[in-house]
Structures are given as structure tokens and as C-alpha cells.
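J.: My questions all concern the structure below.
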């Protein structure tokens, strides 16, 4: 078969040969690689020799390499540059992949071999890493249903396949809604919009084939529109479209899909012997129980809500002074909050933004990684998945460490949000395999010839995702299954959120926050005002996040709701949700929770990790500064390089000497003094 996906890759660093592959290659490549993986599985379970670590665990770790070579570039393309052919392939692949996953994880013969090794583990003279991999492999098989029999065994396979189909459908519906909606702006509709918003809206119009300016549902455009548009009617129209994604009726409506997903997850938990899905999911996380999650969220909710209520009064007064005799609505909050920020902190976003150039912020992230970990970055000229993408070789003392890829601009067909993934993960079992790591963002693409400008929130997102990338790039383990970000879900956000703190280090911004036209550094007083405003509006930000996290955990605790939208409303009412703030992610577009199982019952994990990241950065400050070499070495040795080698609480304690409390988080968000 002449398929570039299945051939030996002779590309630089073994990167996927994107220039040679086409959508027609993926289906035959997948079928051929699936057949090969099945043969590899059969070789393991039919081995007449008694199970050993090498012929069972090592063989399992090495299985499926051909399939990974097909699916890694495919799912990268499906996420960043979707088209009808790729979406059809996703729908075709998802049930087959779920079935294959069950063939492996629910295989009784495989479990028998793994369990035999587990029972004899003390006699096997395993390294600590091998013991951990054996433990996690056995635990994963048990939690996947390998010990089930009869009806429960067969039904769980069906449930998993259906969940895979529904997750794909949820994602594609959301993308379809985001791609379809845009609002054309007439000249009289542009009141209040600064130049950078007009430029983004014009570029969006060109992409949509429209004349003039349009607002799309890209966060990098709709948020500044809501901040600056003086037209309250247009703000309402845009906001309602943004928050109605997945809930517009018709073929792309996600509400019934969410209900079915929740019901199937509950059934999955019951089949495995758990009371509910949240109890099942949290068993292997740091939080352990739904009650521990609720406790954390409510400790933060009360001061955040108190602050938001105070802020709402101020914003409503500003609105009334403008002659708008109406209640403060969600589409008013960002507009009046931006005005209030300008008054209280003397900050003008239009004046600030030229100092936050994308290229300079990339340089800043790289420089921080150099000073902390000795990494160096050299631009590469290699074929990638899209013309907007860029690549760098990462080295340390001349040694190749990784390839880092950045894909930063929003476009039609690109999934919303920001994420980090590995086209190839670090491992040593197959050889000294170094990772290929990609950061994906959705920043506004500038007009041709103009520099890309970021908001401060955009710059924070860039540093966040690069923190994930460091976790992948600095990984130094033998087994891919525990490599990089293969850690507890409520620990995985620690490196990313921790790295955000370096954006707030004054010396970093003094060097890299330079004006796009003049090249001059940001004036010292403006820099200080920007940093002083870093915690501005944290009541709003915390309330919208905690509300989403609480809805997620309650959805998965107890009986699954027949009508998730009704239950969502009841949960928010019970919490006393401020009327002018809505959930960050309402159910029909809550992709973290419904596009797959990753953050289901675990959206709280950003805040769980934030408790640690605030405390971890304090370790640098206590040691003498943000770039203290000894603390950076401890961070790499005990967290960034070891992946899932030990339980997350053990790793953090090895780094810090103890586990933190919520106080550092509240202080970091400026909520520690709220009455």
C-alpha cells in the first residue's frame, strides 16, 4: 500500500509528512494500522510463555505504533482545520476506536496476564517506574471493566461506543454553530470600537466573504466587541448568539445529546459497581471524592460571589448614569467593567494592546524557559499542518530535547479554545524518542503585513499552554503511558497555571512588552498599572468558572438528570448565581465535559491546580526570585520530568515539602479580603 501514513517517515525529526498526505489516506491507513494492532494484541495474549513484564507490559506499551502514526496527524488536522471529509472520518472512526479500546482494556486474557504479574510483583525485581506502570495498567483494566462478565461486560462495550459517537457529534455540532453565525456591522454599528477591534472585524469579514466588518463567535473577537461596543442592542444579540451555541434547535442542538451522555455515564458507573459517575471518576484524582470538590468550590464561591455582588452594584450605577434605566444584564457586564477598569486603573486597552505583540510574547515565554531550565529555541523551516503554524527545535546544551509547534490564529474550521497536545510523546522504551509538542490558540489574525496583537488575557493563555508544553518537553521517563501530561486530571493544570505567573514578573514585561510601531518598551507607569489590574474583576471571573464547575460535579453525582437544562437552572439558583453573570460554559457548549470524558466531573481541576500553582510560585519568591535556579531544578526533577511516576500529592510534596491550602489561591485572586 502506497500510503505515506504507513511508510517510514524520513522528514526532519520524524515529523508527520503533512505535505504528502491527503484526506483519502486516513481511512485505509486506519484500517491497516488497526489490523496490525490486533495482530500485536493477539501475539501478547496468545503467547504460550508465562507472563513476564517484558512480554506483557512492555509489549502492551509498544503496541499500536502504526495506528498512532495515522491518528496523531489526523486528529491534529480535525481539531485545527476541519472540513466535511475530516468530520465524516471522525464519525466513522469514533465507534471503531471505542470498540478497539474495549478489545484491549476489557480483554480477559490480557487482564489475566497483567493480574498474574501484579500478584507476583514483589518477586519480579522491578524498577520503581516499572512497578508504577504495572500498577496503573492493572488499575486501568479493572476500571475499564476487564473483570466484568455476561450482560454487564457486553453492555459496557455498547455504552462506551455510544459515548464515543455522542462526544464526536457534540463537538461537531458546536463547531457548526460557531462556523455558521456572524453579524454584519454597518458603519453606524461601529460606535465605540477601537482600531484593533475594527481591524479584527474587518479581517473576519474578509474570511467570511463579507464586505466591511463582522463579529464572529471567535472569543478573540466577540469579547472585545462586548467590551467596547456602545450599541447595547448589538451587544445583546452577539452575547446571546455566543451563549446559545449548541442550543439553537435543529440538527446541531446539543441538549438531548448532553442528557444521553449523562445517562450513559451513570450506567457505566453502575455497571462497574460505583454509586455514580463522579465517584468513579474522582477515585484516581487528587480530590478523591465529590464532597472534597464541593468543599473547595464553595470555599472560593462565597468570597467571589460577595465581590461580584459589590461589583454589580457599581456597574449598574454606571449604566444608570448613562441613562439606561434597566437591570444590569450579562451583555452589559464587560462593557461597563472595561469602563470601570479604565477609570480605576487608568488603563486603555487600545493603548495597551500594541505593547503585547504575539511574536514578542512567544519570545518572552521562550526566554523564561531558557532562564529556568536552560532550554534554547531555534526556528525550523519544515512542512506543517497549516501555513499559519510555526515550529522550533528545542535544545539544551546542544542536545535535542523536542520540536515545539505553535498554531496561534483563529480560523473557520478550527475548534474554539486553546490546548496543548503531543504529536509524539517522550519515551525510552522504543529508543530515545523525543516529543513533538503543539500549542493551539485562537488569537485574532491580523491584516496582512500587520503584527498580531494580544490582550493581556491572550498573553496569559499563551503562557498557560506553553506551561503544558514544558511538561511534555521536559519529560524524562521510559514508558509513554506515564510520560509528560499523563497525570491526574486535577494535577495536569499545575505546570500550565504555574507558568502564567512569569507573565506577571516585571522584568519579563519590561524586556518584551514593546510597542509594535515604535519598538519602545511599555512605560513603567503603564506596566505597573497593568500588573495592578491583573486581578481586576476576579469576582466575575471566579463566579462564572465556579458555577460551571459546580454544575459539572452535580450533573455527575447521584441520578443523571432527565433534563440537564432544568437541573442547571436549579443548581445555579441554589447557589445564588448573580443575574448579570452566566456560567462560563453552559451545558450545550460545555465541550470540556461533553466532547469526551477528560474533564467530566473534573472541570474543578483548574481551581484544584490553582491552589498548588499559587503556592508553588511562592516557593520561587521565598527562595529569592522568580528565576531561582535551585527551585527551578526541584520543579523539573519532582514534577515536570517525571510525568505520572508517582501519585500527584507525593510529587507535589516532594517539590514543596507539604500540600497547600486554599489561602494562596484567594490571595492570588485578590479575594482574601472580601467581607
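In full-length UniProt numbering, the protein residues as written are 1 to 675. For each residue, glycine too, the CB sits at the ideal point set by N, CA and C. Owing to the predicted nature of the structure, the values given are computational and were not obtained by experimental measurement.
What would DSSP say about residue 521, mapped onto helix, strand or coil?
T.: Note: residue 521 maps to strand in three-state DSSP.
J.: How big is the Cα-Cα spacing for residue 357 and residue 59?
T.: Straight-line Cα distance between these residues: approximately 47 Å.
J.: Compute the beta-carbon to beta-carbon distance between residue 339 and residue 318, rounded to the nearest angstrom, for a pair I have assumed lies under 8 Å.
T.: Rounded, the Cβ-Cβ distance is 6 Å, consistent with contact.
J.: Can you pull the DSSP bridge partners for residue 406?
T.: DSSP, once it has assigned bridges, lists 390, 439 as partnering residue 406.
J.: Please list, in chain order, all residues of the same chain as residue 182 whose beta carbon is under 6 Å from its beta carbon, the five residues on each side excluded.
T.: Contacts found: 208, 214, 216.
J.: Check whether the segment 509-525 touches the segment 321-331, taking contact to mean three or more Cβ pairs, one atom from each stretch, closer than 8 Å.
T.: Because the criterion of three Cβ pairs below 8 Å is not met, the segment 509-525 and the segment 321-331 do not touch.
J.: Considering only residues of the segment 29-111, which uninterrupted alpha helix (DSSP H) runs meet the minimum length of 4 residues and lie entirely inside it, listed in chain order?
T.: Here the runs fully enclosed are 59-62, 65-80, 84-105.
J.: Could you tell me if residue 31 is buried or exposed, where buried requires 16 or more neighbouring beta carbons within 10 angstroms of its beta carbon?
T.: It counts as exposed.
J.: Terminal residues of the continuous alpha helix (DSSP H) containing residue 617?
T.: Run containing residue 617: 605-622, per the alpha helix (DSSP H) assignment.
J.: Given this structure, state the Cα-to-Cα distance separating residue 652 from residue 296, to the nearest angstrom.
T.: Those two C-alpha atoms are separated by around 18 Å.
J.: Is the segment 570-581 touching the segment 611-627 in the sense that three or more CB pairs, one from each, lie closer than 8 Å?
T.: Too few Cβ pairs lie closer than 8 Å, so no.
J.: Here's the rule I'm using: 16 or more other beta-carbon atoms within 10 Å means buried, otherwise exposed. How should residue 124 be labelled?
T.: By the neighbour-count rule (16 or more Cβ atoms within 10 Å), residue 124 is not buried but exposed.
J.: Does residue 244 come out as helix, strand or coil in the three-state DSSP assignment?
T.: In the structure shown, residue 244 sits in coil (DSSP, three-state: anything other than H, G, I, E or B).
J.: Rounded to the nearest angstrom, what separates residue 553 and residue 600 at their Cα positions?
T.: Cα to Cα, the separation comes out at about 8 Å.
J.: Give a yes or no on contact between the segment 277-285 and the segment 178-195, applying the rule of three or more CB pairs nearer than 8 Å.
T.: Contact between the segment 277-285 and the segment 178-195 is absent, because fewer than three Cβ pairs lie under 8 Å.
J.: Locate the alpha helix (DSSP H) running through residue 655, then write down its first and last residues.
T.: 648-656 is the span of the alpha helix (DSSP H), which, as asked, contains residue 655.
J.: Quick one, are the C-beta atoms of residue 594 and residue 222 less than 8 Å apart?
T.: Not closer than 8 Å, so no.
J.: Among 79, 277, 9, 115, which one has its Cα closest to the Cα of residue 560?
T.: Nearest of 79, 277, 9, 115 to residue 560, Cα basis: 277.
J.: Kindly indicate which three-state DSSP category residue 421 falls into: helix, strand or coil?
T.: Of the three classes helix, strand and coil, the one that applies to residue 421 here is strand, per DSSP.
J.: How would you write the range of the alpha helix (DSSP H) that residue 137 sits in, first residue to last?
T.: Residue 137 -> alpha helix (DSSP H) spans 128-144.
J.: Once DSSP output is grouped into helix, strand and coil, what is the label at residue 583?
T.: In this structure, residue 583 counts as coil in the three-state DSSP scheme.
J.: Please return the same chain residues whose Cβ sits closer than 7 Å to the Cβ of residue 640, not counting the five positions on each side in sequence.
T.: 470, 471, 474, 495.
J.: Using the rule of at least 16 other Cβ atoms within 10 Å of the residue's Cβ for burial, across every protein chain shown, is residue 675 buried or exposed?
T.: Note that residue 675 has pLDDT 49, beneath the 50 cutoff, so the model's placement of it is unreliable and the number below is only indicative. Exposed, because fewer than 16 other Cβ atoms sit within 10 Å of the Cβ of residue 675.
J.: Given residue 4, which residues of its chain have a CB within under 6 Å of its CB, disregarding the five upstream and five downstream residues?
T.: Result list for residue 4: 17, 20, 21, in chain order.
J.: For residue 503, does the count of other Cβ atoms within 10 angstroms reach 16, so buried, or fall short, so exposed?
T.: Flag for residue 503 reads buried.
J.: What is the DSSP secondary structure of residue 21, counted as helix, strand or coil?
T.: Correct three-state label for residue 21: coil.
J.: Quick check: the Cα distance between residue 55 and residue 44, rounded to an integer number of angstroms?
T.: For residue 55 and residue 44, the distance between alpha carbons rounds to 7 Å.
J.: DSSP three-state label for residue 272, please.
T.: Reduced to three states, the DSSP call for residue 272 is coil.
J.: Can you give me the C-alpha to C-alpha distance between residue 637 and residue 13, rounded to a whole angstrom?
T.: Those two C-alpha atoms are separated by around 26 Å.
J.: Roughly how many whole angstroms lie between the Cα atoms of residue 75 and residue 83?
T.: Those two C-alpha atoms are separated by around 12 Å.
J.: At the level of alpha carbons, what is the spacing between residue 307 and residue 538?
T.: Taking the straight line joining both Cα atoms gives about 8 Å.
J.: Would you give the residue range spanned by the beta strand (DSSP E) that residue 213 belongs to?
T.: Counting along the chain, the beta strand (DSSP E) containing residue 213 begins and ends at 213-216.
J.: Is there contact here, the segment 246-266 with the segment 527-543, by at least three beta-carbon pairs under 8 Å?
T.: Because the criterion of three Cβ pairs below 8 Å is not met, the segment 246-266 and the segment 527-543 do not touch.
J.: Quick one: is residue 672 near chain B, going by C-beta distance under 8 Å?
T.: The chain inventory of the structure shown lacks chain B, comprising one protein chain alone.
J.: Find the nearest neighbour of residue 663 within the set 623, 155, 608, 280, judged by alpha-carbon distance.
T.: Answer by Cα proximity: 608.
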